[in-house]
Amino acid sequence: MFRWEVFLIGIILLDTRFPRLPGDIGNPATFPFPVIYEKVGEAFPSRVVSERDSSLLLPFIEAAKTLEKKGAMAITTSCGFLALWQKEMVSAVRVPLFSSSLVQIPWAYELMGKRGRIGVLTADRDSLTADHLKGVGAKGIPSVIHGMKPESEFHRVYVRNSPDMDFPRIEKELVTEASSLIARHPDISALVLECTNMAVFGRSVREVVKIPVFDILTLTHYIHLSLK
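Numbering of the sequence shown is given in our numbering, commencing with residue 9 and proceeding in unit increments.
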């Protein structure tokens with residue numbers, strides 16, 4: 009019998025105002041085990057995603073240390089773009105720290121027998137660089153990166169940090185973009201969702217693409233099960 013209450017997962021949050029729906033890493037009801045949050049003030053999505061504001065690195069490290077002191081046995085974050093600082097953040101604590109769902113890219117490639125390429129669906133294609141992939145050991149892995157359109161409802165809500173959202177529209181956008189990516193690149197063997205908020209719509213994406221889909225929730229559950 010699992011004793012979920014023993015293993016506490018710490019989650020570092022960006023400073024956001026968009027809705028945290030069930031399935032979102034920022035909603036504690038998403039998980040069947042206890043989580044604890046630490047928000048980094050003024051770490052707005054734009055500062056992390058497009059601006060790559062290095063002045064935020066220290067506050068993120070301090071947030072990780074705080075979560076560790078509060079009893080977190082593993083730590084993650086609410087933004088896949090923090091892959092950029094995976095090495096700096098994990099070296100500051102003594103517990104497992106996975107900054108981004110992108111750490112699953114090399115793993116997915118191995119699991120799929122190194123066949124084809126790994127698809128990556130990101131919140132902002134222009135902002136996701138080789139530096140982010142290098143940060144999580146994914147540079148050099150055959151991949152195809154595709155981003156949500158800047159004019160999309162998804163981008164308006166999650167990148168531009170809007171307090172309201174059109175759920176059906178975002179769901180349709182994600183399914184459309186994922187389907188389009190797979191159709192254009194049939195050699196894609198698995199899909200990794202960079203943005204943590206995409207996990208809210210993960211089931212709909214999986215139903216359409218018919219290949220393994222990895223997101224922040226698949227990773228968090230896996231790490232949680234590894235704890236003792």
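We put the CB at the ideal spot given by N, CA and C, even for glycine.
*asked:* With distance defined between alpha-carbon atoms, name the residue in PRO150, VAL56, LYS157, THR130 nearest to ASN205.
replied: The residue given as residue 205 occupies position 197 in the sequence shown. Looking at the Cα atoms, THR130 is the closest of the given residues.
*In three-state terms, what does DSSP make of ALA198?*
Along the sequence shown, one-based indexing puts residue 198 at 190. In the structure shown, ALA198 sits in a strand (DSSP, three-state: E or B).
*Leaving out the 5 sequence neighbours to the left and right, which residues in its chain are closer than 7 Å to SER170 when beta-carbon positions are compared?*
Counted from its first residue, the sequence shown places residue 170 at position 162. The residues are PHE26, ARG164.
*Going by beta carbon distance, what residues of the same chain come within less than 7 Å of ASP23, once the five residues before and after it are set aside?*
Here residue 23 refers to the residue found at position 15 of the sequence shown. Excluding positions up to five away in sequence, the list reads LYS47, VAL48, GLY49, GLU50, ALA51, PHE52.
*Simplified DSSP state of VAL221, which is helix, strand or coil*: Here residue 221 refers to the residue found at position 213 when the sequence shown is read from its first residue. Three-state DSSP puts VAL221 in a strand.
*Could you tell me the boundaries of the alpha helix (DSSP H) in which ILE190 lies?*
On the sequence shown, position 182 is the one that residue 190 refers to. Element bounds for ILE190: 175-192.
*asked:* For ARG168 and SER54, I'd like the C-alpha separation in whole angstroms.
replied: Here residue 168 is taken as the residue at index 160 of the sequence shown, counted from 1. Here residue 54 is taken as the residue at index 46 of the sequence shown, counted from 1. About 7 Å.
*asked:* Runs of 4 residues minimum, wholly inside the segment 89-119: which ones carry the alpha helix (DSSP H) assignment?
replied: 94-98, 112-119
_Please classify SER107 as buried or exposed, where buried requires at least 16 neighbouring CB atoms within 10 angstroms._
Position 99 of the sequence shown, counting from 1, holds the residue named residue 107. SER107 is buried by the Cβ-count criterion.
*Taking 7 Å as the cut-off, is the CB of MET97 close to at least one heavy atom of the ligand FAD?*
As for the ligand FAD, it is missing from this structure, which has no ligand bound.
_Outcome for ARG11 when other beta-carbon atoms lying within 10 angstroms are tallied against a minimum of 16_ = Looking up residue 11 in the sequence shown gives position 3. Note that ARG11 has pLDDT 48, beneath the 50 cutoff, so the model's placement of it is unreliable and no number is given.
*asked:* Quick check on DSSP: helix, strand or coil for GLY143?
replied: Counting from one through the sequence shown, the residue named residue 143 turns up at place 135. Looking at GLY143 - three-state DSSP - the assignment turns out to be helix.
*Identify whether ARG125 lies in helix, strand or coil by the three-state DSSP scheme.*
For the purposes of this step, residue 125 is identified with residue 117 of the sequence shown, where counting begins at 1. Note: ARG125 maps to strand in three-state DSSP.
*Express the C-alpha separation of HIS154 and SER187 in angstroms, rounding to a whole number.*
Mapped onto the sequence shown, residue 187 falls at position 179. Mapped onto the sequence shown, residue 154 falls at position 146. The straight-line gap from Cα to Cα measures roughly 11 Å.
*Rounded separation between LEU90 and ARG60 - CA only*: Mapped onto the sequence shown, residue 90 falls at position 82. Mapped onto the sequence shown, residue 60 falls at position 52. Their Cα atoms are separated by approximately 9 Å.
_Cβ distance (whole Å) where GLY145 is taken to contact PRO104 below 8 Å_ = Residue 145 sits at position 137 when you count from the first residue of the sequence shown. Residue 104 sits at position 96 when you count from the first residue of the sequence shown. At roughly 15 Å, the Cβ-Cβ gap does not stay under 8 Å, so GLY145 and PRO104 are not in contact.
*Does the segment 64-81 touch the segment 115-123, meaning 3 or more C-beta pairs lie closer than 8 Å?*
no
*Apart from the five residues just before and just after LEU227, which ones in its own chain have a Cβ nearer than 8 Å to its Cβ?*
Mapped onto the sequence shown, residue 227 falls at position 219. Counting only Cβ-Cβ distances below 8 Å, and skipping sequence neighbours, we find THR84, PHE106, SER109, VAL111, GLN112.
*PHE10 in three-state terms, based on DSSP*: Against the sequence shown, residue 10 aligns to sequence position 2. In this prediction, PHE10 scores a pLDDT of 48, lower than 50, which makes its location untrustworthy; the coordinate-derived value is nonetheless stated afterwards. In this structure, PHE10 counts as coil in the three-state DSSP scheme.
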